[in-house]
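A.B. asks:
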Amino acid sequence: MNSYTNDELEQMIGDLESDLAERKESFRGGAPESVREAVCAFANDLPNHRRPGVVCIGVNDKGIPTGLEVTDELLRSLADIKTDGNITPPPTLTVGKQHLLGNDVAVITVWPADSPPVRYKGRIYIRIGPRRGLASAQDERILNEKRRFQDRPFDVHPISHAQLQDLDLRRFQQEYLPSLLAPDVLAANERTDEERLAAAKMIASNTYPTPTVLGLLVLGKDTRAFLPGGYIQFLRVAGQELGDPIIDEQTITGTVSDQIRQIDEKLTAHNRTRVDIASAAVEQRHAEYPLAALQQLTRNALLHRNYEGTNAPVRVYWFSDRIEIMNPGGPYGEVTAENFGQPGITDYRNPNLAEAMRALGFVQRFGVGIALARRLLRENGNPAPEFQPTAGHLLALVRKSV
């Protein structure tokens with residue numbers, strides 16, 4: 065991905081009719097909202113430029129820099145646009161300070177999404193000449209058709225032997241749509257069920273209503289019939305080795321929502337709480353593991369696992385001294401074995417599944433699961449989690465509190 069040169073940026077911000085540039089004098093007032101709308105619109109790339117759009121902070125409507133001070137705090141706030149969970153799937157963007165026309169300017173460069181439509185707070189924004197607006201039903205159809213199978217992430221590839229009746233449409237209408245779309249968008253009646261499914265990426269398109277990997281993960285009546293590895297293997301062992309006696313085991317199947325709810329129940333049931341009545345005037349309760357940390361790590365495993373070319377499940381093995389969470393999917397994209405877990409380093413093998421899990425309330429903010437798990441474990445008195453990434457797997461090891 066190549067960013068624009070300074071000469072190209074200067075030309076773009078001076079072209080007031082350009083539909084590839086947005087200008088903002090500052091990042092105060094209503095600007096954070098409108099900048100996010102612009103990022104969403106550039107990611108959708110309705111005109112099909114196949115080129116990045118830019119949002120320039122510190123430039124007025126006439127294309128003249130204002131002399132805004134571009135601080136590290138401002139750049140961090142702009143970078144948060146990618147991960148704060150409001151734009152889904154997470155856009156591909158970079159943020160930097162550029163010296164343009166004699167002044168510093170903060171520049172957000174946004175690349176077209178591989179799998180539009182992209183939404184901001186449940187609404188699809190597009191560029192209409194030099195301004196932005198909400199997508200119509202026809203615009204949505206165009207964005208759906210823009211997705212080319214060979215360019216898309218695997219989570220929105222169609223499964224050729226699946227059919228529309230393999231999806232739970234009642235669940236789609238009653239559970240998923242209200243969580244995904246803004247109420248005014250949901251109230252629009254001109255869209256057919258096939259068009260809604262296509263816009264949500266549950267089927268390939270309204271003219272080719274074949275369920276996608278995402279559709280089967282979120283709405284599938286029998287997910288494993290099409291994605292054999294799409295389940296969790298839970299095992300509770302009375303000891304520190306796999307050969308020790310087994311206390312509990314379960315193959316956890318169903319949609320991603322079903323799996324998350326069932327694994328949460330298992331984690332809650334097996335998580336013992338110690339009661340201390342001697343060291344303080346009031347009894348203190350202390351869990352062996354902070355439940356929220358385990359939830360972050362198991363949901364991360366479901367989100368980042370590889371659903372292509374493997375029938376291996378996510379494994380959650382609970383031993384007497386530790387919990388091992390094995391994810392069949394090693395580091396992906398910008399994430400490597402060397403930088404894994406570092407703050408700000410994140411990428412998505414399944415960006416559309418991330419969007420779905422965010423809509424369903426299982427992900428609140430992108431890219432913070434490991435950091436949150438570390439903090440919760442530290443506060444509970446557990447050792448720091450250990451991560452062992454390989455090319456094909458990721459092992460997260462959590463040890464019991466001391």
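Quick note on the numbering used here: the sequence shown kicks off at 65 and runs consecutively.
All C-beta atoms, glycine included, are put in the ideal place defined by N, C-alpha and C.
Just so we're clear, the structure is a prediction, and the values are computed from it rather than from any experiment.
#1: Whole-angstrom Cβ separation of G127 and N167, contact assumed at under 8 Å?
#2: Any chance you could list the beta strand (DSSP E) runs of at least 3 consecutive residues sitting entirely within the stretch 286-326, in chain order?
#3: For a test of the three-state rule: what should DSSP assign to N270, helix, strand or coil?
#4: Please list the terminal residues of the continuous beta strand (DSSP E) segment that includes R205.
#5: Quick one: which unbroken alpha helix (DSSP H) runs of 4-plus residues sit fully inside the stretch 94-147? Chain order, please.
#6: Considering only residues of the same chain and omitting the five flanking positions on each side of P292, which have a CB-CB separation below 8 Å?
#7: Taking all protein chains shown into account, do 16 or more other C-beta atoms lie within 10 angstroms of the C-beta of T256, making it buried, or fewer, making it exposed?
#8: Rounded to a whole number of angstroms, what is the C-alpha to C-alpha distance between T315 and P392?
#9: Given that a residue counts as buried once 16 or more other Cβ atoms are within 10 Å of its Cβ, and exposed if not, what is K296?
#10: Does the stretch 359-370 come within contact of the stretch 431-443, defined as at least 3 CB pairs closer than 8 Å?
#11: Identify which residue in A143, D203 and E402 has its Cα closest to the Cα of P154.
#12: Could you give the C-beta distance for E258 and P273, rounded to a whole number, given that I count them as a contact under 8 Å?
#13: Would you mind sorting R191 into buried or exposed? The rule is 16 or more other CB atoms within 10 Å of its CB.
#14: Compare the C-alpha of E204 against each of I188, P217, P449 and Q237 and name the closest.
#15: What's the gap between the Cα of Q304 and the Cα of D385?
#16: Quick one: grab the DSSP three-state call for R216.
#17: DSSP three-state label for F236, please.
#18: Cβ atoms of L278 and T287: under 7 Å apart, would you say?
#19: Apart from the five residues on each side of it in sequence, which residues of its chain come closer than 8 Å, Cβ to Cβ, to A418?
#20: To the nearest angstrom, how far is it from the Cα of A199 to the Cα of D178?
#21: Answer yes or no: do V118 and T173 have a C-beta to C-beta separation smaller than 7 Å?
#22: Does the beta-carbon distance from A268 to P222 come in below 7 Å?
#23: Determine, using beta carbons only, whether S141 and A423 come nearer to each other than 7 Å.
#24: For L306, count neighbouring Cβ atoms within 10 angstroms of its own Cβ and tell me buried if that reaches 16, exposed if not.
#25: Here's a check: name, in chain order, each residue in its chain whose Cβ is nearer than 8 Å to the Cβ of T130, leaving out the five neighbours to either side.
#26: Compare the C-beta of L80 against all C-beta atoms of chain D and say whether one is closer than 7 Å.
#27: Quick one: which unbroken beta strand (DSSP E) runs of 3-plus residues sit fully inside the stretch 376-404? Chain order, please.
#28: Should G373 be labelled buried (16 or more other beta-carbon atoms within 10 Å of its own) or exposed?
#29: Mapping the DSSP letters down to three states, classify A85 as helix, strand or coil.
#30: So is P247 buried or exposed if we call it buried at 16+ other beta carbons inside 10 Å?
#31: Following the continuous alpha helix (DSSP H) through D178, name the residue where it begins and the one where it ends.
#32: Buried or exposed for P309, please, with buried defined as at least 16 other CB atoms from any protein chain shown within 10 angstroms of its CB.
#33: State the CB to CB distance for the pair V320 and V282, rounded to an integer number of angstroms; the pair is presumed to be in contact (CB under 8 Å).
#34: How would you call R369, buried or exposed, if buried means at least 16 neighbouring beta carbons within 10 angstroms?
#35: Would you decide whether V466 is buried or exposed? Buried here means 16 or more other CB atoms lie within 10 Å of its CB.
C.D. replies: The relevant details are as follows:
#1: Reading the sequence shown from its first residue, position 63 is the one you call residue 127. Reading the sequence shown from its first residue, position 103 is the one you call residue 167. About 12 Å; that fails the 8 Å criterion.
#2: 296-301 and 310-316
#3: Residue 270 sits at position 206 when you count from the first residue of the sequence shown. In the structure shown, N270 sits in coil (DSSP, three-state: anything other than H, G, I, E or B).
#4: Position 141 of the sequence shown, counted from the first residue, corresponds to residue 205. Careful: R205 lies outside any beta strand (DSSP E), inside the alpha helix (DSSP H) at A201 to K210.
#5: 95-108 and 136-147
#6: By one-based count along the sequence shown, residue 292 stands at place 228. For P292, where only same-chain residues beyond five positions count, the Cβ hits under 8 Å are N375.
#7: For this step, residue 256 is matched to residue 192 along the sequence shown. T256 comes out exposed.
#8: Numbered from 1 along the sequence shown, position 251 holds the residue referred to as residue 315. Numbered from 1 along the sequence shown, position 328 holds the residue referred to as residue 392. Roughly 16 Å between the two C-alpha positions.
#9: Here residue 296 refers to the residue found at position 232 when the sequence shown is read from its first residue. Strictly speaking, residue 296 in this sequence is Ile, with Lys absent from that position. Buried, by the Cβ-count rule.
#10: yes
#11: Reading the sequence shown from its first residue, position 90 is the one you call residue 154. Checking every option, the nearest Cα to that of P154 belongs to A143.
#12: If you number the sequence shown from 1, residue 258 lands on position 194. If you number the sequence shown from 1, residue 273 lands on position 209. So it is a contact: roughly 5 Å between Cβ atoms.
#13: Mapped onto the sequence shown, residue 191 falls at position 127. With 16 or more Cβ atoms within 10 Å of its Cβ, R191 is classed as buried.
#14: Along the sequence shown, one-based indexing puts residue 204 at 140. Closest by alpha carbon: I188.
#15: Here residue 304 refers to the residue found at position 240 of the sequence shown. Here residue 385 refers to the residue found at position 321 of the sequence shown. Between Q304 and D385, the C-alpha separation is close to 6 Å.
#16: Translated into the one-based positions of the sequence shown, residue 216 becomes position 152. It is coil, neither helix nor strand.
#17: Along the sequence shown, read from residue 1 onward, the residue named residue 236 stands at position 172. Three-state result, F236: helix.
#18: Locating residue 287 in the sequence shown gives position 223, counting from the first residue. Locating residue 278 in the sequence shown gives position 214, counting from the first residue. Not closer than 7 Å, so no.
#19: Here residue 418 refers to the residue found at position 354 of the sequence shown. Same-chain partners within the cutoff: T152, P153, P154, L367, Y412, V427 and F430.
#20: Along the sequence shown, one-based indexing puts residue 199 at 135. Along the sequence shown, one-based indexing puts residue 178 at 114. A199 and D178: Cα-Cα distance of roughly 18 Å.
#21: Against the sequence shown, residue 118 aligns to sequence position 54. Against the sequence shown, residue 173 aligns to sequence position 109. Contact: yes.
#22: Here residue 268 is taken as the residue at index 204 of the sequence shown, counted from 1. Here residue 222 is taken as the residue at index 158 of the sequence shown, counted from 1. Going by C-beta atoms, A268 is nearer than 7 Å to P222.
#23: In the sequence shown, counting from the first residue as 1, residue 141 sits at position 77. In the sequence shown, counting from the first residue as 1, residue 423 sits at position 359. Not a contact, by the Cβ cut-off of 7 Å.
#24: In the sequence shown, residue 306 corresponds to position 242, counting from 1. The residue in question, L306, is exposed, as its Cβ has fewer than 16 Cβ neighbours within 10 Å.
#25: Residue numbering aside, residue 130 sits at position 66 when the sequence shown is read from its first letter. If we look at T130 and ignore the five residues flanking it on each side, its Cβ neighbours are E89, S90, G122, V123, N124 and N167.
#26: Judged by its chain identifiers, the structure shown contains no chain D, having just a single protein chain.
#27: 378-382 and 386-391
#28: The residue labelled residue 373 in the question sits at position 309 within the sequence shown. Answer is exposed; the Cβ neighbour count stays below 16.
#29: Counting from 1 along the sequence shown, the entry for residue 85 is found at position 21. Reduced to three states, the DSSP call for A85 is strand.
#30: As a working note, residue 247 is residue 183 in the sequence shown. Exposed: under 16 other Cβ atoms inside 10 Å.
#31: The sequence position of residue 178 within the sequence shown is 114, counting from 1. Per DSSP, D178 belongs to no alpha helix (DSSP H) and is neither H nor E.
#32: The count along the sequence shown starts at 1 and reaches residue 309 at position 245. It counts as exposed.
#33: As a working note, residue 320 is residue 256 in the sequence shown. As a working note, residue 282 is residue 218 in the sequence shown. Rounded, the Cβ-Cβ distance is 6 Å, consistent with contact.
#34: In the sequence shown, residue 369 corresponds to position 305, counting from 1. Classification for R369: buried.
#35: Taking the sequence shown and counting its residues from 1, one reaches residue 466 at position 402. V466 comes out exposed.
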